[in-house]
Amino acid sequence: MAIIIDENTKAIVQGITGGQGRFHTKAMKDYGTNIVAGVTPGKGGNSVEDIPVYDSISEVPNDINASIIFVPAPFAKDAALEAIDFGLNPVVIITERIPIHDSIQIMKKAESKGIDVIGPNTPGIISPEKSKMGVMPSHVFSQGSVGLISRSGTLTYEIANNLSRAGLGQSTTVGLGGDPVVGLSFVDVLKKFDKDDQTKAVVLVGEIGGNAEETAAKFIKDSFSKPVVAYIAGRTAPPGKRMGHAGAIVSGGMGTADSKIAALGEGGVDVAELPSDVVRLLKEKM
Amino acid sequence: MAIIIDENTKAIVQGITGGQGRFHTKAMKDYGTNIVAGVTPGKGGNSVEDIPVYDSISEVPNDINASIIFVPAPFAKDAALEAIDFGLNPVVIITERIPIHDSIQIMKKAESKGIDVIGPNTPGIISPEKSKMGVMPSHVFSQGSVGLISRSGTLTYEIANNLSRAGLGQSTTVGLGGDPVVGLSFVDVLKKFDKDDQTKAVVLVGEIGGNAEETAAKFIKDSFSKPVVAYIAGRTAPPGKRMGHAGAIVSGGMGTADSKIAALGEGGVDVAELPSDVVRLLKEKM
Amino acid sequence: MKLHEYKAKEIFSNYGIPVPSGILVKDPNELKEFKFPAVLKSQVLVGGRGKAGGIKFADNLDEAKEKIDELLKMEIKGLPVKLVLVEAKAEILKELYVGFVVDRTAKRNVLIMSSEGGVNIEEVAQRSPDKVVKFQIDPSEGLPTHKITNLAKKIGLKGKEMVSVVGVVNRLNKVFSDYDAELAEINPLAVTPEGLLGVDAKLLVDDNSLYRHKDLAKEFAKSEEFTDIEKRAKDAGLSYVELEGDIGVIGCGAGLVMASLDTLKLYGGAAANFLDVGGGATKENMRSALELVVQKEGVKSIFINIFGGITRCDEIAKGIVDFAPKTPISVRMMGTNEEEGKQILRDNGYSVSETIEESAKEAIELARGG
Amino acid sequence: MKLHEYKAKEIFSNYGIPVPSGILVKDPNELKEFKFPAVLKSQVLVGGRGKAGGIKFADNLDEAKEKIDELLKMEIKGLPVKLVLVEAKAEILKELYVGFVVDRTAKRNVLIMSSEGGVNIEEVAQRSPDKVVKFQIDPSEGLPTHKITNLAKKIGLKGKEMVSVVGVVNRLNKVFSDYDAELAEINPLAVTPEGLLGVDAKLLVDDNSLYRHKDLAKEFAKSEEFTDIEKRAKDAGLSYVELEGDIGVIGCGAGLVMASLDTLKLYGGAAANFLDVGGGATKENMRSALELVVQKEGVKSIFINIFGGITRCDEIAKGIVDFAPKTPISVRMMGTNEEEGKQILRDNGYSVSETIEESAKEAIELARGG
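For the protein sequence lines, the chains are A, B, C and D, in the order given.
So the first sequence is numbered by the numbering used here: it starts at 30 and just counts up by one.
So the second sequence is numbered by the numbering used here: it starts at 30 and just counts up by one.
So the third sequence is numbered by the numbering used here: it starts at -16 and just counts up by one.
So the fourth sequence is numbered by the numbering used here: it starts at -16 and just counts up by one.
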């Protein structure tokens, strides 16, 4: 199995004609992702990497079921709402710097239609050897039984690389996105991993800001039985400063790494002190 | 029977503490309307005509099912949305001069909850000897079998008075309201009269502006079997001028009396040339 | 409230919609230099300005001044031209139409787009329905950009031009919504070698929303849209429309007053105005109403039509007696306190009719000097 | 983007929210006359200003000038006070709290109201949860006024006061929405004998929305919220946060850089900064990053932590060699083109570590002069 995307995923790329869109369309196609069409308003009739480009999703003649969005922030809300209106699922939003009020509107619409949004500001999602909808370097991922969920980009590649080298392949890796308001949460993805036969254990990579990790800890304690190991970045981040991600900020005493580590501990999750400890802790648990 | 309101109507008055609200609350109560409570934010704890006043509808302890609104235009949208949120049905909006964009929002919300809005800018609705939710002079109405639907105020009283004097009582009289965007339309009310056993014939009082009469004419032709007589005001109104009602305007060649009269004629409706002709035409048809 | 073209363009431009560069003048000498050829557009709040000669062209400064002077001496449909908008004449490759209106029947705002601009959109819709596309806006969903894109494609746009038009439509939607408009229209939206250009602009703001638009409200009070008497009526809180006949009409309730005008016409008369004193009018309201009506030149008689519901006939009668118009009047009175009202009038030498028809006929005779 | 109190109040006031009358001064002599008693509030973009002595009171002009002078000589949490807001001191009968925030978990905007204002709302919520009410706003429904009324009643308001508070909340909601705010707060919203008064005001605008708020964007570039190096980093498109240690840190990806700081700490070191060069960084990005990091005084070593995914290790290595920092560096490099990168560094006399841990330890030793 795997979750959310697999060999049946038939994706479009919104914003396929931009620099990022082109580059990663090729990378995804090379990886084996079934990219059916591209959409960029005003560029209908062109093609990118032999993939036909349309002005809007409704013009795509093929059967499609997922979208990945590279559209610049000022237009990303429009693109996401179009994908959601069209019922594509999941909608992966790579775009960074989308205003929060826009994201709130996107998420509300997606909720009302039961659609999974991944991101914004995410590296995307990869189910190794099946499908990749994202910008992650494919070579660090390998197929296996570890579900990986992360709010980070490069740190995720670091950990996936460690896992792969240690023979711990992944079922699916989901980048939740570094923004304060994102689509799928740790809990949403944990629920999917719970039902996924391929997934035997989960690695959760969190960071400061918000309380998504605390909520996940409670969920794991109450209703998640597979082994979970976590790493939390930002133990030493000062309050009130955004640490690279818009969502990585300790404010009003909320969102500290300590709070997250304590909650996860109570939830029975082993929390690694160093990224390199994740593999060891996971092997102990599996 | 009768339509929309009857002896089971348990109404609140929103804006009960204003001059108009007070005056007509007394008049409605005197007529026998079951006015259960009043609502004016900030005036909770007071009473008007022995009717308790609350700050919001959710505080009203009694069983209620309808609302009449006298709240000034800048606050009328809020009041209407409150009544609709609370599921009151009908919601009668007496208030004049509500911005159209506000009315559009009200109507959308009402539609999504299946609620009948009467008005804005309406004299209201009366089912004689049962219930009155409006500002019309009660004495010109009498109980009987004529359904009366009108976009006008005083002209309706004139015609109701003629009907009553001629022994033609009314089942229910509905003032649709003089604004461009109103809740119930001629067709909506015709559908209700069609199912109402008490109603044996219908009088339709239209005026220039919009195409509600044309739509009604088509509906009558296709699917309404009870006799209908109409009067249309504004045959001599110049284009581009609002004739007292915000909605009474001929613009871009649309909404002329001629167009309405022709359409009604095609629909098998007798159109009176003078208000006083309505009784004669109706007697001929019944 | 109708806005002048120059004002609508100023607002559109503030929202990022491209409009021609221009100068507003009320005197030819205000024009010092300009990039010619230029279009000279008289600023009046009536339609059909072009056909009436209110738009001229000039190739140099002297010609422009001369023609501005001509325009400023014109009257268009009774309105004197007080302002002229001087604009750079654009090279137009294609004319489109975009506009937002309120659809009364659907109870929704509606976007209309057409590949044929520069002409009356209703005519295009009747003649070539395939050239006009419409989209009803659900207020809880708004107007998604991809819907605009699909409409733009339906009228044959593509590429960068389509994207630009979609951008203009998005901005116009924001104007329409922010300004509580009943109509926001760019016709034509011209395609020029330099890109899109809103060559003409219309913005009609909902009068009832003016409390939310204080700046416009100030201008509304002095708008040339209304005659002096109409402005005074507005101040007095009365609903008044000026017409072209010779019989003043006062009634209570818009429908009843319209019916009164229609009845006059049916018997060969013609109303000089529409005046609705409203429900529950007092003696003072009636006085103000009469004061206004007699101010209009050429009013030969007055037809007063009262159905007393909330309105009390005795209050109306007192107002008439109090003002005692010199113009002959014909009164029809019925309903609440009917007898008291009639008595007051009879005691003061006025006759009162029983029916609208009788009274209308009497007013016509009085106007004819009968 | 944090706005100064005076700026937030200016905006709130534009939306009809009552705020104290006040004057902004950057010199005591700018204050000519004032209605005393007055409050003198230093304008700095940090919390806890009151406790730090940044708010003073004055009963007359001389006292005010003297104290303004004192304030303008102060530094609060490292920020020099450059502006003082002089406000009329109000007679406060009661202090309320109203605020809008983004709820990340619910993915909704949230209205918070409390009968206990003037203190930290989070503390009130923990101490007396019954005194704080919250309402999640469904973006397709908005915030209906009757919901605000019900919340206002829950915190014990009634009558005219309740109606006024509901009005303020409605206006604040509009500010929050129009300004793409992450936080819009009035704390305290004071009840005075003359009515409500927004005694303190906070407005935090979403940095990512600044393209929609051009005026604010201009001020953001020079905001005192950031140090000079942070501003230069912003210009260079790098994500940079100044910290208090002595080891400069550069990495690719926010999570990895945070992990780098944490690792330093674990081994007894302290980072001087957080610098994320981002994914796919080029030689030039790496140069700019090093340039920034060495500008900070007291940086004794630099820890460079690269995991090559999209980023190519050889590009990073070229950037390092090109800039050739005088400050000693410790590099950890892994992933895409790892060998090429390492070779370039070794050829130029730099050592490269295999793991984050090793490299972190090396950086600490280098900082200690080892």
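Where is the CB? At the ideal position from N, CA and C, for every residue including glycine.
In this text, all values refer to a predicted model and were calculated from it rather than measured experimentally.
Partner residues on chain B for residue i, Cβ-Cβ distance less than 7 Å
{"i": "C:Arg91", "result": "Ile133"}
{"i": "C:Glu340", "result": "Leu303 and Ser305"}
Which listed residue (the options) has its alpha carbon closest to that of residue i
{"i": "C:Met96", "options": "C:Lys60, C:Ser123 and C:Asn153", "result": "C:Asn153"}
{"i": "A:Leu117", "options": "A:Arg126, A:Ile97, A:Pro128 and A:Ser171", "result": "A:Ile97"}
{"i": "D:Ile75", "options": "D:Ala242, D:Ala254, D:Asp198 and D:Leu172", "result": "D:Leu172"}
{"i": "A:Val42", "options": "A:Lys142, A:Lys161 and A:Pro128", "result": "A:Lys161"}
{"i": "C:Ile38", "options": "C:Val29, C:Ala47, C:Val22 and C:Glu49", "result": "C:Val22"}
{"i": "A:Ala262", "options": "D:Leu244, D:Tyr333 and D:Ser4", "result": "D:Leu244"}
{"i": "D:Pro20", "options": "D:Tyr(-2), D:Glu46 and D:Val8", "result": "D:Glu46"}
{"i": "C:Glu16", "options": "C:Lys48, C:Arg91, C:Lys34 and C:Lys266", "result": "C:Lys48"}
{"i": "C:Leu273", "options": "C:Gly263, C:Ile299, C:Ala253 and C:Lys248", "result": "C:Ile299"}
{"i": "D:Phe118", "options": "D:Ile131, D:Glu213 and D:Glu124", "result": "D:Ile131"}
For residue i: DSSP bridge partner residues
{"i": "B:Gln172", "result": "B:Gln199"}
{"i": "C:Gly5", "result": "C:Glu70"}
{"i": "A:Ile135", "result": "In the DSSP output, where bridge partners are listed per residue, A:Ile135 has none listed."}
{"i": "C:Asp259", "result": "C:Ser222 and C:Gly234"}
{"i": "D:Asn92", "result": "D:Val85 and D:Ile120"}
{"i": "C:Lys24", "result": "C:Ile38 and C:Leu68"}
{"i": "A:Tyr260", "result": "A:Val234 and A:Ala301"}
{"i": "C:Arg329", "result": "DSSP lists no partner for C:Arg329."}
{"i": "D:Pro63", "result": "D:Glu58"}
{"i": "D:Thr175", "result": "D:Gly178"}
{"i": "B:Pro81", "result": "B:Ser76"}
{"i": "D:Leu315", "result": "Note on residue identity: the sequence assigns Arg, not Leu, to residue 315 of chain D. Looking at the DSSP assignment, D:Arg315 forms a beta bridge with D:Asn288 and D:Ser336."}
Residue i vs residue j beta-carbon contact at 8 Å
{"i": "D:Val260", "j": "D:Thr310", "result": "no"}
{"i": "B:Val257", "j": "B:Val231", "result": "yes"}
{"i": "D:Asp163", "j": "D:His196", "result": "yes"}
{"i": "A:Tyr60", "j": "A:Ser167", "result": "yes"}
{"i": "C:Ala254", "j": "B:Thr265", "result": "yes"}
{"i": "C:Val69", "j": "C:Gly5", "result": "yes"}
Neighbour list for residue i in chain D, Cβ cutoff strictly below 8 Å
{"i": "A:Gly317", "result": "As displayed, chain A neither begins before 30 nor continues past 315, which places residue 317 of chain A out of reach and without an answer."}
Proximal residues of chain G, C-beta to C-beta of residue i below 7 Å
{"i": "C:Pro122", "result": "The structure shown contains no chain G; its protein chains are A, B, C and D."}
Partners in chain D for residue i, counting only beta-carbon separations shorter than 9 Å
{"i": "A:Asn240", "result": "Arg87 and Thr88"}
Partners in chain A for residue i, counting only beta-carbon separations shorter than 7 Å
{"i": "C:Gly142", "result": "Gly71"}
{"i": "D:Thr246", "result": "Leu303"}
Closer than 9 Å at the beta carbon, the chain A residues around residue i
{"i": "C:Ile133", "result": "Note that residue 133 of chain C corresponds to Asn in the displayed sequence, not to Ile. Asp84, Ser85, Ser87 and Glu88, listed in chain order."}
{"i": "C:Met145", "result": "Pro70, Gly71, Gly73 and Asp84"}
{"i": "C:Lys136", "result": "Gly73, Asp84, Ser85 and Glu88"}
{"i": "D:Phe203", "result": "Chain A residues near D:Phe203: none, gap ~13 Å exceeds 9 Å."}
Chain-ordered chain B contacts of residue i [CB-CB under 8 Å]
{"i": "C:Asp163", "result": "Pro128, Ile129 and His130"}
Neighbour list for residue i in chain D, Cβ cutoff strictly below 7 Å
{"i": "B:Glu111", "result": "Pro127 and His129"}
Amino acids of chain A, ordered along the chain, whose beta-carbon sits closer than 8 Å to that of residue i
{"i": "D:Cys235", "result": "Thr183"}
{"i": "C:Val116", "result": "Per Cβ cutoff of 8 Å: no residues; C:Val116 is ~14 Å from chain A at best."}
{"i": "C:Val149", "result": "Pro70"}
Contact set between residue i and chain C, taken where Cβ atoms lie within less than 9 Å
{"i": "B:Lys270", "result": "Val224, Glu225, Leu226 and Phe257"}
- request: May I ask you to verify whether the region 243 to 251 of chain B touches the region 269 to 278 of chain B, counting CB pairs closer than 8 Å and requiring at least 3?
  value: no
query: Do the region 130 to 141 of chain B and the region 152 to 161 of chain B make contact, defined as three or more Cβ pairs closer than 8 Å?
result: no
message: When you compare the region 236 to 246 of chain C with the region 180 to 196 of chain B, are there three or more beta-carbon pairs, one atom per stretch, that lie closer than 8 Å?
response: yes
message: Across the region 222 to 232 of chain C and the region 289 to 306 of chain C, are there enough close Cβ pairs to call them in contact, namely three or more that are closer than 8 Å?
response: no
query: Would you call the region 90 to 109 of chain C and the region 97 to 107 of chain D in contact, with 3 or more CB pairs under 8 Å?
result: no
task: Flag this pair as touching only if the region 140 to 156 of chain D and the region 58 to 78 of chain B have three or more C-beta atom pairs under 8 Å; answer yes or no.
output: yes
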